[in-house]
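If you read the sequence shown in UniProt numbering, its first letter stands for residue 1, the second for the next number, and so on.
Read through the structure below, which is laid out as structure tokens, and then see the notes.
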Amino acid sequence: MLTMCLTPYADTTWAWDGIRYTTGDGSSELRPYPHPLLEHVAITDGSRTLLVVRERVAGRRVADPNPQTVSPDAFDTARSLVGAWPADHVVTETAPDEPVRVTTGPCGTAPLYVAHDRRSLFASWDMADLADHARGLNAREVARLLIYRPRYSTETVFVGIHRVTERCTAFFGGHLYLSYPEPALHGGPRELAPDADVLAAFVRAMDDALDLRPLDPATTAFHMTGGFDSGTVATRAAERYPGRFSTGALLIGGPGRVSQVRRREEILRALPFAGTDHLVDAVENLPLGPACARVRGELISPYEEPIHLPFTLLTAELAAHGARAVVTGLGGDEMVALSQEEYPHKSMGEAGDALPWVGERAWQALEFADDAIAPPAVVNSMTLLSLETTAPVLLRAGIWPVHPFADPGMIQLGEWLPFHWRQLKQLQRRRLASLGLSPDVTQSRERESFAEVVQLVLTSAARPLFREMLKEGSELFDTRLVDPDRLRTAVRGLSAGGYQEEDHAPLLEVINLHLATRAFL
């Protein structure tokens with residue numbers, strides 16, 4: 001949502017120049033991300049200043065960005081109400097002789113990373129802007145990623161760069177302190193009334209989530225993969241606004257590809273979309289090829305989309321055709337997820353605990369893998385981490401992401417639904433069936449994933465990268481987070497044609513971490 005440099009105990013008189021807010025002495029600057037779905041306001045009582053960058057809400061005039069002077073009581077009222085904004089926001093506060101404060105909203109639509117030197121606090125949605133502050137590897141966070149056990153916290157892979165999690169406040173007065181919020185409260189399944197119309201409630205929740213922001217159909221596209229989540233949201237938009245929304249998707253590989261193409265074609269025929277469908281083939285545009293930004297040494301965060309190249313190409317295609325907003329189905333899995341009591345299952349990361357290339361120091365750090373993590377959030381933590389992977393690519397292209405399944409109303413509906421509406425995504429399946437779509441769409445059992453793309457990457461484009469890594473060395477080896485000898489054995493297994501998804505797919509994380517480490521450090 002913004003990039004900034006804040007210097008505490010300095011001039012707190014802010015002015016707006018049409019692009020950024022700056023203080024009179026030039027010691028601080030706040031630059032909002034320029035987008036028609038965002039607005040920014042500044043309020044001051046002559047001493048304290050409140051700077052708010054937020055998503056616009058439909059039905060309201062765009063706020064005046066110029067600083068407004070109010071009484072101290074009015075300032076206090078504005079400060080108390082700022083967190084009630086129904087969409088995402090970032091709040092910055094400055095006052096004479098006090099630390100600066102930055103507080104995020106509950107949605108996590110765009111990440112916010114911070115770093116500091118002895119004088120100032122720096123922040124950005126793009127980790128690349130803070131690369132000069134990376135001082136080494138955080139063993140615990142690297143270990144989490146190596147075994148696919150991510151945790152939502154203020155820690156990042158790099159010592160010196162921190163994540164401001166949802167509703168978190170960063171205080172800086174020479175030293176940085178990150179304060180987690182109180183845990184968000186959640187409900188559980190409820191018994192349905194005899195006349196309950198679940199699908200109608202689902203439709204109303206989707207409408208509310210989509211109508212919250214002033215989306216312009218002429219500049220809004222839908223990621224419509226053919227799956228249940230993105231398909232449900234996109235079809236509802238086409239139903240309400242015939243012929244106005246375009247679509248786009250990445251084509252997967254393997255056995256699910258034919259099914260994906262067939263299901264998407266049926267949906268596009270059955271509903272009145274705009275007729276412009278943008279497709280990028282992830283098999284023909286494999287990640288880690290020569291054109292990949294990671295391979296070229298660009299500063300790409302290790303949290304960005306693992307399938308980076310094709311996702312970047314699709315984003316560029318959408319932007320070239322005028323897209324300024326993209327609506328996704330991210331969060332749909334978590335909205336209807338089953339609890340451990342309803343469906344006992346291994347937690348993420350357990351299956352990877354025996355990965356042989358994970359180094360000694362990583363295993364030691366994993367003893368504390370759940371320490372210092374963020375409290376329960378309004379949006380599921382796994383959804384928040386997923387949003388973090390997509391936002392930087394979209395924002396670089398001038399596109400703002402919209403995720404209806406991460407809307408609090410949608411989340412609450414999912415929590416209240418009985419088991420039989422959430423099991424196997426019955427909510428989404430029945431909604432698509434109500435539109436007259438065939439069982440090929442509504443009852444598909446084909447796996448829709450990038451597993452085959454990952455296999456192709458690891459058995460082709462990644463092999464010379466691993467050879468280079470093993471020959472020239474890596475910070476991952478130097479810090480004993482990855483064992484080079486065992487990694488070499490695993491890579492030889494790939495070369496011998498013995499690819500096993502469960503054993504070898506996590507190697508993609510190794511090479512992505514290595515490339516990020518090499519670029520940032």
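Glycine is no exception: its CB is placed at the ideal position from the N, C-alpha and C atoms.
Which one of the options has the shortest CA to CA distance from residue i?
i, options, result
"Arg-48", "Ala-58, Arg-79, Val-393 and Arg-264", "Arg-79"
"Leu-51", "Val-62, Val-57 and Asn-66", "Asn-66"
"Gly-26", "Leu-507, Trp-16, Phe-466 and Pro-34", "Trp-16"
"His-186", "Ala-462, Leu-137, Tyr-9 and Leu-417", "Leu-417"
"Ala-42", "Phe-311, Ala-320, Thr-489 and Gly-18", "Gly-18"
"Pro-255", "Thr-165, Glu-448, Leu-465 and Ala-184", "Glu-448"
"Leu-470", "Arg-488, Glu-341 and Trp-400", "Arg-488"
"Ala-516", "Asp-76, Phe-75, Glu-98 and Ala-131", "Ala-131"
"Leu-251", "Leu-309, Arg-213, Ala-209 and Leu-199", "Leu-309"
"Arg-431", "Pro-183, Ser-230 and Ala-74", "Ser-230"
"Leu-387", "Glu-304, Phe-368 and Gly-414", "Glu-304"
Bridge partners for residue i per DSSP, in chain order?
i, result
"Gly-248", "His-223 and His-278"
"Thr-92", "Leu-51 and Val-102"
"Gln-68", "Ile-43"
"Ala-15", "Thr-22"
"Ser-495", "According to DSSP, Ser-495 bridges with nothing at all."
"Thr-169", "Thr-103 and Ser-179"
"Arg-422", "Note: Arg-422 sits in no beta bridge, so no partner."
"Ile-373", "Ser-153"
"Val-261", "Bridge partners of Val-261: none, in fact."
"Val-482", "Val-358"
"His-162", "Val-114 and Glu-155"
At which residues does the alpha helix (DSSP H) containing residue i begin and terminate?
i, result
"Arg-31", "Arg-31 -> not in any alpha helix (DSSP H); beta strand (DSSP E) instead, spanning 29-32."
"Thr-442", "439-442"
"Pro-464", "462-472"
"Val-457", "451-458"
"Pro-310", "308-320"
"Leu-476", "475-478"
"Phe-158", "Per DSSP, Phe-158 belongs to no alpha helix (DSSP H) and is neither H nor E."
"Pro-408", "408-416"
"Val-510", "507-520"
"Val-402", "Unbroken run through Val-402 is the beta strand (DSSP E), 400-402; no alpha helix (DSSP H)."
From what residue to what residue does the beta strand (DSSP E) around residue i run?
i, result
"Ser-386", "It is not in any beta strand (DSSP E) - Ser-386 instead sits in the alpha helix (DSSP H) that spans 381-396."
"Phe-122", "121-124"
"Phe-368", "Per DSSP, Phe-368 belongs to no beta strand (DSSP E) and is neither H nor E."
"Val-114", "113-116"
"Ala-325", "325-327"
"Val-203", "It is not in any beta strand (DSSP E) - Val-203 instead sits in the alpha helix (DSSP H) that spans 198-211."
"Thr-3", "2-6"
Could you tell me the alpha carbon to alpha carbon distance between residue i and residue j, rounded to whole angstroms?
i, j, result
"Gln-423", "Thr-247", "28 Å"
"Phe-520", "Val-510", "15 Å"
"Val-326", "Leu-314", "11 Å"
"Met-1", "Val-91", "11 Å"
"Pro-439", "Leu-299", "44 Å"
"Phe-171", "Gly-105", "16 Å"
"Gln-426", "His-420", "7 Å"
"Ala-351", "Gln-455", "At Ala-351, the pLDDT of 44 sits below 50, so the modelled position is not reliable; the number obtained from the coordinates is stated separately. Roughly 18 Å between the two C-alpha positions."
"Arg-140", "Glu-239", "47 Å"
"Asp-197", "Leu-318", "36 Å"
"Gly-498", "Arg-361", "28 Å"
"His-40", "Ala-110", "15 Å"
"Met-410", "Arg-480", "43 Å"
"Glu-155", "Thr-165", "10 Å"
"Pro-272", "Phe-202", "20 Å"
"Arg-61", "Arg-20", "20 Å"
"Arg-151", "Asp-370", "7 Å"
"Gln-68", "Phe-158", "38 Å"
"Leu-212", "Val-441", "29 Å"
"Phe-228", "Arg-429", "7 Å"
"Ala-372", "Asp-195", "45 Å"
"Leu-146", "Cys-292", "21 Å"
"Thr-219", "Arg-324", "5 Å"
Which whole-angstrom value describes the C-beta separation of residue i and residue j, a residue pair presumed to lie in contact below a C-beta threshold of 8 Å?
i, j, result
"Ala-87", "Glu-55", "4 Å"
"Ala-123", "Thr-3", "7 Å"
"Leu-384", "Ala-391", "Rounded, the Cβ-Cβ distance is 11 Å, inconsistent with contact."
"Ala-205", "Phe-222", "Contact doesn't hold; Cβ gap of about 17 Å is too wide."
"Thr-22", "Val-102", "Not really, about 17 Å apart at Cβ, beyond 8 Å."
"Arg-167", "Thr-7", "Wrong, their Cβ atoms sit about 25 Å apart, outside the cutoff."
"Leu-286", "Ala-249", "Rounded, the Cβ-Cβ distance is 17 Å, inconsistent with contact."
"Ala-143", "Ala-365", "4 Å"
"Arg-269", "Gly-226", "Actually they do not touch by this definition, with Cβ atoms about 13 Å apart."
"Gly-289", "Ala-505", "Not confirmed; about 18 Å, so no contact."
"Phe-311", "Val-393", "6 Å"
"Glu-502", "Ala-451", "With a Cβ gap of about 10 Å, Glu-502 and Ala-451 do not count as contacting."
"Ser-434", "Arg-463", "Actually they do not touch by this definition, with Cβ atoms about 48 Å apart."
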